[in-house]
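Protein chains: 4
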Amino acid sequence: MIGFIGLGIMGSRMAENLIKNGYDLVIYNRSKSKADKLLASGAKWAESPKEVAKNSKIIFTMLANPEVVENTAIGTDGFLSEMSEGSLWVDCSTVNPSFSRKMAEEAQQSNIRFLDAPVAGSKIPAENGQLVFLVGGNKEDLEEVRPMMEVMGKAIAYQGENGYGTSMKLVVNLMLAQTMAAFSEAVNFGESMGLDKATVVNTLLNGPTAAPFLNGKKEKIMQNEYDAEFPLELLQKDLQLVSKTAYESNVAMPIANLTKEIYGLAKQNGLSKEDFSAIYKFLSPKN
Amino acid sequence: MIGFIGLGIMGSRMAENLIKNGYDLVIYNRSKSKADKLLASGAKWAESPKEVAKNSKIIFTMLANPEVVENTAIGTDGFLSEMSEGSLWVDCSTVNPSFSRKMAEEAQQSNIRFLDAPVAGSKIPAENGQLVFLVGGNKEDLEEVRPMMEVMGKAIAYQGENGYGTSMKLVVNLMLAQTMAAFSEAVNFGESMGLDKATVVNTLLNGPTAAPFLNGKKEKIMQNEYDAEFPLELLQKDLQLVSKTAYESNVAMPIANLTKEIYGLAKQNGLSKEDFSAIYKFLSPKN
Amino acid sequence: MIGFIGLGIMGSRMAENLIKNGYDLVIYNRSKSKADKLLASGAKWAESPKEVAKNSKIIFTMLANPEVVENTAIGTDGFLSEMSEGSLWVDCSTVNPSFSRKMAEEAQQSNIRFLDAPVAGSKIPAENGQLVFLVGGNKEDLEEVRPMMEVMGKAIAYQGENGYGTSMKLVVNLMLAQTMAAFSEAVNFGESMGLDKATVVNTLLNGPTAAPFLNGKKEKIMQNEYDAEFPLELLQKDLQLVSKTAYESNVAMPIANLTKEIYGLAKQNGLSKEDFSAIYKFLSPKN
Amino acid sequence: MIGFIGLGIMGSRMAENLIKNGYDLVIYNRSKSKADKLLASGAKWAESPKEVAKNSKIIFTMLANPEVVENTAIGTDGFLSEMSEGSLWVDCSTVNPSFSRKMAEEAQQSNIRFLDAPVAGSKIPAENGQLVFLVGGNKEDLEEVRPMMEVMGKAIAYQGENGYGTSMKLVVNLMLAQTMAAFSEAVNFGESMGLDKATVVNTLLNGPTAAPFLNGKKEKIMQNEYDAEFPLELLQKDLQLVSKTAYESNVAMPIANLTKEIYGLAKQNGLSKEDFSAIYKFLSPKN
Chain G
0 MIGFIGLGIM
10 GSRMAENLIK
20 NGYDLVIYNR
30 SKSKADKLLA
40 SGAKWAESPK
50 EVAKNSKIIF
60 TMLANPEVVE
70 NTAIGTDGFL
80 SEMSEGSLWV
90 DCSTVNPSFS
100 RKMAEEAQQS
110 NIRFLDAPVA
120 GSKIPAENGQ
130 LVFLVGGNKE
140 DLEEVRPMME
150 VMGKAIAYQG
160 ENGYGTSMKL
170 VVNLMLAQTM
180 AAFSEAVNFG
190 ESMGLDKATV
200 VNTLLNGPTA
210 APFLNGKKEK
220 IMQNEYDAEF
230 PLELLQKDLQ
240 LVSKTAYESN
250 VAMPIANLTK
260 EIYGLAKQNG
270 LSKEDFSAIY
280 KFLSPKN
Chain F
0 MIGFIGLGIM
10 GSRMAENLIK
20 NGYDLVIYNR
30 SKSKADKLLA
40 SGAKWAESPK
50 EVAKNSKIIF
60 TMLANPEVVE
70 NTAIGTDGFL
80 SEMSEGSLWV
90 DCSTVNPSFS
100 RKMAEEAQQS
110 NIRFLDAPVA
120 GSKIPAENGQ
130 LVFLVGGNKE
140 DLEEVRPMME
150 VMGKAIAYQG
160 ENGYGTSMKL
170 VVNLMLAQTM
180 AAFSEAVNFG
190 ESMGLDKATV
200 VNTLLNGPTA
210 APFLNGKKEK
220 IMQNEYDAEF
230 PLELLQKDLQ
240 LVSKTAYESN
250 VAMPIANLTK
260 EIYGLAKQNG
270 LSKEDFSAIY
280 KFLSPKN
Chain H
0 MIGFIGLGIM
10 GSRMAENLIK
20 NGYDLVIYNR
30 SKSKADKLLA
40 SGAKWAESPK
50 EVAKNSKIIF
60 TMLANPEVVE
70 NTAIGTDGFL
80 SEMSEGSLWV
90 DCSTVNPSFS
100 RKMAEEAQQS
110 NIRFLDAPVA
120 GSKIPAENGQ
130 LVFLVGGNKE
140 DLEEVRPMME
150 VMGKAIAYQG
160 ENGYGTSMKL
170 VVNLMLAQTM
180 AAFSEAVNFG
190 ESMGLDKATV
200 VNTLLNGPTA
210 APFLNGKKEK
220 IMQNEYDAEF
230 PLELLQKDLQ
240 LVSKTAYESN
250 VAMPIANLTK
260 EIYGLAKQNG
270 LSKEDFSAIY
280 KFLSPKN
Chain W
0 MIGFIGLGIM
10 GSRMAENLIK
20 NGYDLVIYNR
30 SKSKADKLLA
40 SGAKWAESPK
50 EVAKNSKIIF
60 TMLANPEVVE
70 NTAIGTDGFL
80 SEMSEGSLWV
90 DCSTVNPSFS
100 RKMAEEAQQS
110 NIRFLDAPVA
120 GSKIPAENGQ
130 LVFLVGGNKE
140 DLEEVRPMME
150 VMGKAIAYQG
160 ENGYGTSMKL
170 VVNLMLAQTM
180 AAFSEAVNFG
190 ESMGLDKATV
200 VNTLLNGPTA
210 APFLNGKKEK
220 IMQNEYDAEF
230 PLELLQKDLQ
240 LVSKTAYESN
250 VAMPIANLTK
260 EIYGLAKQNG
270 LSKEDFSAIY
280 KFLSPKN
């Protein structure tokens with residue numbers, strides 16, 4: 000059986016795709032109610048992370064942040080202590096690179112193998128098995144879980160040693176934030192000159208500068224309503240992580256740091272819980 | 000015969016595509032040497048803009064900036080004075096919206112019809128007939144030249160009244176500038192964390208944030224050599240135009256204005272004449 | 000008699016100081032009501048700019064922007080045409096350097112001497128004769144009006160040829176804008192950490208980074224009320240002038256351009272008519 | 000006897016002022032050679048931080064960063080373990096607020112009183128007893144050391160509870176960084192328009208926007224040589240601390256974050272070890 004811990008917006012959909020494709024799953028989530036649908040689909044419930052570890056040689060985790068990952072994996076209640084030697088832990092959570100390396104070391108001390116494998120893509124790609132896995136760790140370990148990743152995602156991008164999957168995830172989220180903000184300024188600019196909003200959006204989306212993910216934001220911007228797929232405050236948190244990591248890596252990022260603060264201003268103005276595409280609304284002269 | 004004035008990197012390739020598709024062209028360029036290839040393909044040379052006007056009811060212009068357009072079209076030496084009533088002038092140059100509107104008025108005073116029709120795309124798309132025309136003016140006038148645009152481009156995006164084609168072109172170039180700079184910061188960030196440059200570039204280019212035009216910049220960034228398709232200083236000039244227009248239109252654009260200045264710093268550091276993708280080099284800790 | 004044209008917030012106070020110190024003034028303003036107090040103090044009213052010119056060999060102008068200066072000085076209704084040869088025009092308006100040079104040329108064509116002499120300082124320093132004159136033009140011409148400037152200001156900073164007074168004024172207003180915005184971020188930062196607002200403000204105002212003008216903004220920030228001495232939208236206009244001039248002068252100014260847009264965002268959020276120190280309110284998480 | 004630990008550029012000058020004013024000092028520094036001058040002035044050498052603690056009821060520390068403070072104060076080799084109950088530790092190092100609070104707690108567990116008392120001012124003010132102390136902690140404890148601070152500084156600004164002295168220090172250093180960068184852009188802007196560099200600098204330094212500390216940077220900028228009083232990379236480190244703290248305190252600081260990165264670009268371009276006023280050189284078109 001495959002273990003899966005963390006059944007939020009992303010994790011539940013990823014687990015569903017594993018089940019649909021014939022994998023037997025043992026699952027755990029802090030609040031059990033989120034597991035109902037998966038249990039109905041045949042997954043087995045574990046009462047704790049440790050119980051997951053007793054029943055599986057491969058565990059996927061998809062958790063909210065480093066603190067939750069640490070609490071779930073390490074210490075007296077952590078599942079690492081119950082995993083059998085040679086097992087494989089695949090962490091799909093978005094964390095920071097040094098944390099992934101620390102988890103890799105913790106795992107290694109118990110002779111557990113570790114992959115950091117965060118994903119690019121949000122709710123809809125998770126549902127449709129269209130995620131992109133960004134993987135750091137041992138290449139052979141990746142081969143072992145490749146078939147599972149292939150039912151959850153459309154691409155697997157191997158980045159190198161442990162921590163590098165997580166590093167690449169920061170790069171991708173940085174590009175998401177920048178592209179969304181630039182697009183928002185551009186559409187507002189077009190409108191301010193008198194252009195029709197839909198015409199601007201459509202021309203851009205069919206032109207040479209159109210990042211594919213922007214298609215998924217089109218309706219939000221046209222309706223000016225921002226149900227959260229990826230809440231603005233979470234992206235801003237990732238940008239802070241980018242800023243900190245960039246400082247430590249000795250690279251200057253003027254535009255990234257400004258963009259971070261523009262999202263910060265949006266947050267100050269009450270948009271924390273909306274989708275990060277609400278940056279359009281914050282930047283709009285009409286709001 | 001169709002008139003074509005302005006045979007630089009873009010204009011010569013656009014004219015070539017017209018000839019290839021059976022159109023008879025009368026052409027003019029300030030320096031005649033740039034016309035050699037087209038003349039060999041069968042175009043007819045005109046000794047002045049006015050002479051072009053005497054021989055054609057439709058004139059395309061593709062010139063460097065508003066000053067050159069104005070000098071070529073207006074005044075005692077300008078072609079407008081020689082165009083017959085009811086003729087159509089299609090200006091594909093990148094200018095500012097108020098200038099396009101001014102040209103439309105000048106044309107109208109001589110009963111000449113006018114379209115502002117700048118293009119998205121640079122050297123290679125011009126060569127391959129893959130440009131996108133952004134068109135402002137009368138819709139019926141557009142229909143008249145649509146067949147010609149279709150052999151030079153892959154798409155025609157009608158934006159509304161005169162000036163709006165040019166407005167949309169500013170929006171597109173803004174997105175070009177922002178996307179290139181954001182991509183450059185992102186790749187440098189990845190490298191600073193130890194990721195392999197090619198892996199970062201390829202992962203991004205195959206991911207949800209990949210603007211199509213970035214594929215054309217991949218080799219430049221990988222080689223760190225920046226033969227100009229679109230010189231950095233010209234893009235910075237467009238950004239200044241964006242900034243000025245945004246001020247006049249009462250819309251704040253913090254990220255756009257910063258990006259403009261980052262290109263400005265690159266210019267101060269000697270990169271004016273290189274392709275605008277050289278912003279990667281400027282932002283790189285290794286340079 | 001000395002001519003004085005333009006009796007707004009600044010001009011009326013400057014003229015008052017001239018009268019108080021014994022100068023005979025002939026004055027003009029578009030709306031006569033603003034002249035009442037000065038007329039009561041003994042100034043003579045002129046029905047037009049031209050009539051001012053007929054009665055004086057030295058004219059000071061303190062007008063809102065280049066358009067108003069141009070309309071007042073040049074053309075059939077302009078005072079330049081009525082000034083006697085060898086007269087001296089001192090323009091204290093805040094304009095752009097190339098405009099000042101243009102006015103100098105216009106004046107010279109009528110054998111009128113010209114000084115651009117904008118001032119640093121707003122309402123209160125104008126009232127107290129504490130302005131700083133930033134002067135461009137001929138040094139001997141400056142000596143001629145120095146006694147008058149000394150009753151309106153506390154310092155006279157000669158900058159060089161015509162246009163350079165205006166250039167220096169842009170530099171000063173840039174520093175005003177930057178300092179105010181930086182101070183605002185700093186105070187908000189202190190408060191966000193739990194520090195007492197008054198303590199932060201006082202500590203900064205008594206420390207090594209305290210620009211003198213900030214003392215005059217202290218009460219506004221403490222009360223969070225922003226009666227305009229220098230409206231935010233006018234400073235933002237000056238920043239746009241800075242940005243344009245910097246582009247033409249080939250110097251990159253990343254922080255200045257961002258600051259301009261932060262004021263722009265404040266304007267979008269309804270603070271145009273308040274004092275520019277209202278940038279504190281815009282940046283505050285509590286607003 | 001008063002203990003003094005940390006005898007770098009700042010600490011040695013502060014200690015010298017204590018000795019000059021009649022205080023008996025017991026001193027320690029990692030490298031003893033820096034203590035020579037003070038020993039010649041009558042200070043007593045201690046072989047370790049612990050030995051300082053055995054000989055004094057009041058200890059001042061002036062150390063490079065949180066790590067050094069922690070190693071010096073805490074753990075088996077730390078001086079806290081040797082201080083007698085009721086003693087007072089005054090930490091003048093620049094650290095982050097949460098670290099100061101942590102030190103206060105550590106001290107309290109040993110019944111030691113603690114003040115965080117970082118200083119505004121660099122080498123010359125330290126030498127001349129012109130520092131400004133920014134103090135967090137118990138007000139009575141401050142009164143106890145006020146006489147000592149008064150011989151080292153010209154002002155003592157009490158900020159509130161422990162950590163708030165350090166918080167205010169971050170605010171001050173932020174203003175230093177912003178003001179220096181804004182001044183640098185402004186002077187470069189003036190020069191780009193043709194103004195004389197010295198005239199611009201002098202006009203600004205005598206005007207309403209002149210922060211007092213800028214006088215001390217005048218010669219560096221005029222000579223374009225930047226012997227470090229406050230190395231650029233240390234200020235950039237403080238800005239990173241500001242950025243992190245601001246994120247945690249939920250306040251957006253767009254200009255501060257950009258300024259941080261402009262210093263970062265200067266660092267990338269080889270200016271790490273120069274005085275932070277070298278930002279002028281980085282931003283200059285002539286460099």
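Protein chains in written order, with numbering that gives the first Met the number 0: chain G, 0 to 286; chain F, 0 to 286; chain H, 0 to 286; chain W, 0 to 286. All residues carry an ideal CB built from backbone N, CA and C; glycine is no exception.
According to the Cβ coordinates, are residue i and residue j closer than 7 Å?
i               : j               : result
L133 of chain G : P117 of chain G : yes
T202 of chain G : M174 of chain F : no
A52 of chain F  : E84 of chain F  : no
Q177 of chain W : T198 of chain H : no
Y27 of chain F  : A45 of chain F  : yes
V144 of chain G : G206 of chain F : no
T208 of chain F : A210 of chain G : yes
M0 of chain F   : S86 of chain F  : no
S162 of chain G : V131 of chain G : In the sequence under discussion, the amino acid at residue 162 of chain G is Gly, which differs from the Ser named in the question. In this structure, V131 of chain G does not lie closer than 7 Å to G162 of chain G by Cβ.
M102 of chain H : M61 of chain H  : no
A277 of chain H : L240 of chain H : no
What I want to know is whether the C-beta of residue i ends up closer than 6 Å to one or more non-hydrogen atoms of the ligand MN.
i               : result
L257 of chain F : With respect to small molecules bound, the structure shown includes none, and the ligand MN cannot be examined in it.
Residues of chain W with CB closer than 7 Å to the CB of residue i, please, in chain order.
i               : result
K284 of chain F : For the record, residue 284 of chain F in the displayed sequence is Pro; it is not Lys. In chain order: Q267.
L257 of chain F : L257
Starting from residue i, find everything on chain H with Cβ-Cβ shorter than 9 Å and list it in chain order.
i               : result
I261 of chain F : A251, P253
Applying a beta-carbon distance threshold of less than 8 Å, which residues of chain W neighbour residue i?
i               : result
L231 of chain G : Here the premise fails: no neighbours, minimum Cβ distance about 12 Å.
Could you tell me which chain F residues have their CB closer than 7 Å to the CB of residue i, listed as they occur along the chain?
i               : result
E184 of chain G : M252, I254, A255
T93 of chain G  : Within 7 Å Cβ-Cβ: nothing; T93 of chain G doesn't reach chain F, min ~15 Å.
Using a Cβ cut-off of 8 Å, pull out every chain H residue sitting near residue i, in sequence order please.
i               : result
L203 of chain W : V170, V171, M174
Residues of chain F with CB closer than 8 Å to the CB of residue i, please, in chain order.
i               : result
L264 of chain H : A251, P253
I want to verify the contact list: residues of chain G whose CB lies under 8 Å from the CB of residue i, in sequence order.
i              : result
L38 of chain F : Under the 8 Å cutoff, chain G gives no residues; its nearest Cβ is about 31 Å from L38 of chain F.
Which chain H residues sit within Cβ distance under 7 Å of residue i?
i               : result
S99 of chain W  : Neighbours of S99 of chain W on chain H: none; closest Cβ ~11 Å, over 7 Å.
L141 of chain W : Neighbours of L141 of chain W on chain H: none; closest Cβ ~14 Å, over 7 Å.
Using the beta-carbon of each residue, which ones in chain W are nearer than 9 Å to residue i?
i               : result
Q177 of chain H : Q177, T178, A180, A181, F182, E184, A185, T208, I254
Residue ranges of each beta strand (DSSP E) within the segment 37-99 of chain H, 3 or longer: 57-60, 87-90
Chain-ordered residues of the segment 240-256 of chain H with a beta carbon less than 9 Å from chain G: P253
Near-chain W residues of the segment 149-168 of chain H - C-beta to any C-beta below 7 Å: A154, A156, Q158, G159, Y163, S166, M167
Segments assigned alpha helix (DSSP H), at least 4 residues, entirely inside the segment 123-180 of chain W: 138-151
May I ask you to verify whether the segment 243-262 of chain F touches the segment 239-259 of chain H, counting CB pairs closer than 8 Å and requiring at least 3? yes
Could you tell me which whole beta strand (DSSP E) segments of length 3 or greater appear in the segment 243-271 of chain G? none
Specify whether the segment 266-283 of chain G and the segment 2-10 of chain F touch according to this definition: at least 3 beta carbon pairs, one from each stretch, less than 8 Å apart. no
May I ask you to verify whether the segment 176-195 of chain F touches the segment 237-252 of chain G, counting CB pairs closer than 8 Å and requiring at least 3? yes
Which residues, taken in chain order from the segment 107-119 of chain H, show a beta carbon closer than 9 Å to some beta carbon of chain W? A119
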